[in-house]
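In what follows, a single structure is set out as structure tokens and then discussed.
Residue numbers (my numbering): 60 to 480.
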């Protein structure tokens with residue numbers, strides 16, 4: 060008799076490709092705009108020097124320290140090469156949509172933008188500072204050009220498309236970058252730093268804004284280091300202006316607001332024994348506790364609400380500007396060096412270290428500008444006004460203010476949690 064061994068039911072065959080597609084993915088989109096091509100080429104005050112290098116260095120960091128595959132990292136640079144890889148408005152929107160397309164729980168996404176950011180007036184009171192922020196693509200021309208990417212649009216394509224369980228880390232090395240994704244929480248994510256940024260109000264930059272009609276470039280001076288500063292902000296989107304509050308604060312007049320007198324309930328007695336009657340007095344008016352106008356007051360507690368994990372690291376507050384210098388100091392440079400030493404720091408340590416490095420770079424910037432101004436005074440005295448070369452009156456070198464990196468999030472964060480990319 061032939062004995063046939065019974066075999067159990069076979070497991071259905073599953074191709075390795077199908078199994079691989081089910082694994083969580085890591086994808087990144089890195090954008091760097093130098094603005095050295097197109098309409099603004101040759102405008103040194105508008106050009107940036109480090110965004111391309113920032114993108115290349117960030118790509119190396121993601122591959123070497125976080126396990127990203129080169130094929131899953133898309134870069135957009137205004138290098139004049141492939142038209143499909145130029146950071147125009149249409150290309151940026153297209154690549155953002157591709158980045159989060161078919162996203163599923165467990166997927167991780169990284170987004171970086173190094174370039175100019177502008178501000179336009181907010182019409183619906185949805186912004187605390189009354190301004191909407193927007194990315195300035197390389198094909199943007201002037202304040203009337205619609206080829207800009209508003210923060211609302213950026214959030215709609217990049218954040219709202221994410222499913223619960225996925226995560227996004229965004230880095231914006233630009234001016235006015237704290238709320239570029241319109242995330243609700245940022246005050247509760249701030250860390251202590253042992254300095255105070257004066258900001259625009261009562262800023263010495265206003266007093267130091269001398270019209271240098273006899274100034275010339277430092278390249279004509281004998282100096283060990285050139286002074287170079289570029290703000291990562293568009294000068295075209297909105298002309299500089301102050302709100303009424305800003306004008307009051309900038310003036311050296313103390314504004315005294317007359318307090319409204321609190322009304323007291325006072326009964327008029329016809330007789331001294333009126334208090335013995337059963338007459339009911341008017342109730343004392345009571346007011347409800349004030350209701351928060353904005354979601355984040357600075358004391359939010361970590362929440363278990365089911366939302367995608369989204370954090371955004373901005374180079375400065377919305378009312379501040381971001382600077383780069385001739386030696387490449389920028390927020391991105393500081394971030395990369397910190398993450399090379401510790402790829403998974405706590406969010407608190409990350410923000411503390413980034414803030415200190417950016418502050419250190421600002422101090423160096425201020426020192427170099429003061430040296431520049433001293434050299435200019437010596438040069439004027441030696442050469443005289445006849446040989447002077449005039450410089451644009453709006454060319455102002457920063458020597459007083461700082462930038463404060465900001466961490467915003469979709470929901471309140473545990474700042475002791477580790478960074479995961």
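Positions of the beta carbon are idealized from the N, C-alpha and C atoms, including for glycine.
Model, not experiment: these values are computed from the prediction.
Count the C-beta pairs between the region 167-183 and the region 219-236 that are closer than 8 angstroms, then say yes if the count reaches three, no if not.
With the cut-off at 8 angstroms, the region 167-183 and the region 219-236 touch.
By Cβ distance, which residues of its chain are closer than 7 angstroms to residue 355, with the 5 residues on each side in sequence left out?
For this step, residue 355 is matched to residue 296 along the chain shown. Only 243, 244, 245, 246 and 247 meet the Cβ criterion.
Counting pairs of Cβ atoms below 8 angstroms between the region 191-202 and the region 146-165, do you hit three or more?
Taking 8 angstroms as the limit for Cβ pairs, the verdict is that the region 146-165 does touch the region 191-202.
Exposed or buried, residue 392, counting other C-beta atoms within 10 Å across all chains shown (16 or more means buried)?
Position 333 of the chain shown, counting from 1, holds the residue named residue 392. It counts as buried.
Just checking: is the beta-carbon of residue 418 within a distance shorter than 9 angstroms of some beta-carbon in chain D?
Of the chains in the structure shown, none is chain D; there is only one protein chain.
Alpha carbon to alpha carbon, how far is residue 440 from residue 434?
Your numbering for residue 440 matches position 381 in the chain shown. Your numbering for residue 434 matches position 375 in the chain shown. Whole-angstrom Cα-Cα distance: 10 angstroms.
Skipping 5 residues on each side, what residues in its chain have a beta carbon closer than 8 angstroms to that of residue 217?
Counting from one through the chain shown, the residue named residue 217 turns up at place 158. Hits under 8 angstroms: 155, 158, 159, 170, 227, 229 and 240.
I need the DSSP call for residue 176, collapsed to helix, strand or coil.
Translated into positions along the chain shown, residue 176 becomes position 117. It is a strand residue.
Counting beta carbon pairs with one atom in the region 392-402 and one in the region 363-371, are three or more of them shorter than 8 angstroms?
Because the criterion of three Cβ pairs below 8 angstroms is not met, the region 363-371 and the region 392-402 do not touch.
Find out if the Cβ-Cβ distance for the pair residue 233, residue 87 is shorter than 9 angstroms.
The count along the chain shown starts at 1 and reaches residue 233 at position 174. The count along the chain shown starts at 1 and reaches residue 87 at position 28. No. Outside cutoff.
Round the Cβ separation of residue 110 and residue 174 to the nearest angstrom and send it over; I've been treating them as touching at under 8 angstroms.
If you number the chain shown from 1, residue 110 lands on position 51. If you number the chain shown from 1, residue 174 lands on position 115. Going by Cβ atoms, the distance from residue 110 to residue 174 rounds to 6 angstroms, so yes, they are a contact pair.
On the premise that residue 362 lies in contact with residue 470, defined as a C-beta separation below 8 angstroms, what is that separation, rounded to the nearest angstrom?
Along the chain shown, read from residue 1 onward, the residue named residue 470 stands at position 411. Along the chain shown, read from residue 1 onward, the residue named residue 362 stands at position 303. Yes, residue 470 and residue 362 are in contact; Cβ-Cβ is about 5 angstroms, under 8 angstroms.
For residue 167, which residues does DSSP report across the bridge?
The residue given as residue 167 occupies position 108 in the chain shown. For residue 167, which the question treats as bridged, DSSP gives the partners 85 and 226.
If you compare alpha carbons, which of 176, 473, 182 and 424 is closest to residue 206?
For the purposes of this step, residue 206 is taken as residue 147 along the chain shown, with counting starting at 1. Out of 176, 473, 182 and 424, 176 has the C-alpha closest to the C-alpha of residue 206.
Which word fits residue 388, buried or exposed, when buried means at least 16 other C-beta atoms lie within 10 angstroms of its C-beta?
Position 329 of the chain shown holds residue 388. By the neighbour-count rule (16 or more Cβ atoms within 10 Å), residue 388 is buried.
In whole angstroms, what separates the C-alpha of residue 417 from that of residue 204?
As a working mapping, residue 417 is identified with position 358 in the chain shown. As a working mapping, residue 204 is identified with position 145 in the chain shown. Rounded to whole angstroms, residue 417 to residue 204 spans 33 angstroms at the Cα level.
What does residue 442 pair with, by DSSP beta-bridge criteria?
For this step, residue 442 is matched to residue 383 along the chain shown. According to DSSP, residue 442 bridges with nothing at all.
Mind checking residue 442: buried by the 16 CB within 10 Å criterion, or exposed?
Here residue 442 is taken as the residue at index 383 of the chain shown, counted from 1. Burial call: exposed.
Given this structure, state the Cα-to-Cα distance separating residue 461 from residue 408, to the nearest angstrom.
Within the chain shown, numbered from 1, the residue matching residue 461 stands at position 402. Within the chain shown, numbered from 1, the residue matching residue 408 stands at position 349. Between residue 461 and residue 408, the C-alpha separation is close to 20 angstroms.
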